[in-house]
Amino acid sequence: METTKSKSLPPLIFNVYKPARAGSFDVVRHFKRQLPVGYGKIGHFGTLDPFACGVLLIGIGGAARLNDLVHKFLPKTYLAIGRLGRETDTGDWEGKITQTDESRYLAEVIGQFDKAFIQETLQKKFLGTYWQAPHIYSATKFQGKALHQWAREGVAIKKEPVERFVHSLEVVRWQYPFLALRVKVSSGTYVRTLFSDAARELGTLGSLIALQRESIGKIKSSEGLRPGQWPERGVVDVTDQGILPEDLLPFQRWVIPAEREKAFENGLSQRIESDDEYAWAMGADGSNWGLLQRFDRDWRVMINFRAKLLTESDL
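Here is the structure:
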């Protein structure tokens, strides 16, 4: 009997260039309304502040379930441009100025630092493990509500510092009082806070005036879909521009043998000789069936993409 495919789209990730002034959820909402019918659940892999621009990854067809793994394995690179000598309540130019540094030291000493000295000073302090307290204007949750929501209600929630990692830090440009840094950091790092901490390490205050997320892993903002390329139902279909999960997260790939197909569909363990933690389960036709996770020598089905693309008669 001929089986019938559902209209569900396969798991895909879109590299979207979010412009400044647009909210991350506004972008997701556009895709949700304009993608062809059958995109399944949709979500992004890490919000980007409205004042910031750059890479926003959006997953459909079950790919949104990879969110935690993207955060775990893919560092993010940012170009942060800030101004020394003033601090705002939000850490960026949209906030209210809370402190200013009008000391002679700022202009006469810090203003005379050369680029190489600043880079050496900041690299010595911040490269590697970095303990950072989430900004009170951030998406970090407290009692189920983001800190920025508490702050806008007049409640400043302070949380304990958490461990982050700074892979690289480069001073791109220094022209007093403006400082541009390119940083590659672990997911969850607030660059507004990092810039403020960097300013304090130099002996002053600082806040951002611009921020661009240049990349997530190997996915670059320069290759992202600009607003004019976003889907418009019946006009622009970008589903062929999506990134496959196995290309976003390059885990090893294992072809599931025919005799194990039923076991995979039922979520039963697979036997694979490997010491890796994760592996993609691939069909003989090259399609991605889902993600396996190792527990001792057994590999269990962590995510099943295939079940969402087949009708019950296929199973």
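In the working numbering, the protein residues as written are 12 to 326. The beta-carbon is built from N, C-alpha and C at its ideal position, and this holds for glycine as well.
How about residue i and residue j: are their beta carbons less than 8 Å apart?
i	j	result
residue 102	residue 117	no
residue 180	residue 194	yes
residue 290	residue 316	no
residue 196	residue 211	no
residue 217	residue 233	no
residue 124	residue 209	no
Given a threshold of 16 other Cβ atoms within 10 Å of its Cβ, counted over all protein chains shown, does residue i qualify as buried or as exposed?
i	result
residue 223	buried
residue 34	exposed
residue 183	exposed
residue 93	buried
residue 113	exposed
residue 98	buried
Got a sec: is the Cβ-Cβ distance from residue i to anything in chain B below 8 Å?
i	result
residue 142	Note that chain B does not occur in the displayed structure, where there is just one protein chain.
For residue i, tell me which candidate among the options has the shortest Cα-Cα distance.
i	options	result
residue 70	36, 238, 86, 310	36
residue 257	250, 39, 219, 300	300
residue 214	275, 172, 111, 309	111
residue 104	265, 220, 237	220
residue 298	311, 274, 264	264
residue 173	83, 48, 144, 255	144
residue 276	308, 249, 312, 236	312
residue 29	89, 19, 68	68
residue 140	120, 205, 192, 100	205
Tell me, to the nearest whole angstrom, how far the beta carbon of residue i is from that of residue j; I am working on the premise that it is less than 8 Å.
i	j	result
residue 329	residue 53	Outside the shown range of the chain (12 to 326) lies residue 329, about which nothing can therefore be said.
residue 85	residue 228	4 Å
residue 271	residue 288	Not really, about 20 Å apart at Cβ, beyond 8 Å.
residue 292	residue 302	7 Å
residue 27	residue 38	6 Å
residue 50	residue 122	Between residue 122 and residue 50 the Cβ distance is about 52 Å, and since that is not below 8 Å, they are no contact.
Taking 7 Å as the cut-off, is the C-beta of residue i nearer than that to any heavy atom in the ligand FAD?
i	result
residue 276	Ligands are entirely absent from the displayed structure, and the ligand FAD is therefore not among its contents.
I want to know whether the segment 75-86 touches the segment 37-48 - three or more CB-CB distances under 8 Å. no
Count the CB pairs spanning the segment 216-231 and the segment 64-77 that are closer than 8 Å, and state whether there are at least three. yes
Using a Cβ distance threshold of 8 Å, determine whether the segment 129-138 contacts the segment 242-252, with at least three qualifying pairs required. no
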